[in-house]
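Residue numbers (the numbering used here): 250 to 463. Heads up, the beta-carbon is just placed ideally off N, CA and C, and yes, glycines get one too. For clarity, every value in this text was computed on a predicted model and none was experimentally measured. Working notes for the structure below.
This is the structure we're talking about:
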């Protein structure tokens, strides 16, 4: 006795489920050699989605952020910046919001902030971004509109606005990061000045050696 026949949509979902299990199996048996150009995108993939113009592959993100592929993958693996989606082929897909979060990390990295501190600051900026009103877009429709218009697409629910207590708490945490960044920038400028003095001294010594003693 044959079982119930699957619809076309059911066959599609079954196919995707099988692919996910294959990806996970490959992830447990394979690894990426440092420096290799082969990108392994098989570790615990997110649910596959159809790619859109708003998605970027990891190579484009690396070019825009000037971070290596290995570094971006590491931030995904430790849960710092995860890609918003995966393609049907299992590749990481990033959005502009993901790139903005990676840029925050790139700016913190030279100042010696730890991964835990980076995650804390991202939680602050994420909360602030959630409550920032979107920039109004100019009207593109004519003044006269049809009597009936299609209902707008549903938007994801927004978190409530900042309460005075939460605003004060975020302000204190953000001020702590601002002070730390200023102090570390000052320390880097001092180190740079000393390094430039050292380079200048070496240049003078090299010029003395190259000068004809006669």
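Pull up the distance between the alpha-carbon of residue i and that of residue j, whole angstroms please.
i           : j           : result
residue 292 : residue 423 : With a pLDDT of 42 at residue 292, under the threshold of 50, the modelled position of this residue cannot be trusted, and the question is left open.
residue 418 : residue 334 : 32 Å
residue 364 : residue 411 : 26 Å
residue 341 : residue 361 : 27 Å
residue 366 : residue 442 : 27 Å
residue 319 : residue 358 : 15 Å
residue 450 : residue 435 : 23 Å
residue 457 : residue 440 : 26 Å
residue 437 : residue 444 : 10 Å
residue 311 : residue 459 : 44 Å
residue 455 : residue 317 : 37 Å
residue 372 : residue 431 : 20 Å
residue 303 : residue 344 : 6 Å
Inspect the beta-carbon positions of residue i and residue j and report whether they are closer than 8 Å.
i           : j           : result
residue 307 : residue 330 : no
residue 351 : residue 314 : yes
residue 377 : residue 426 : no
Please list the terminal residues of the continuous alpha helix (DSSP H) segment that includes residue i.
i           : result
residue 451 : 413-459
query: What are the uninterrupted segments assigned as alpha helix (DSSP H) that are 4 or more residues long and contained completely in the region 293-370, given in chain order?
result: 307-314, 318-326, 345-357
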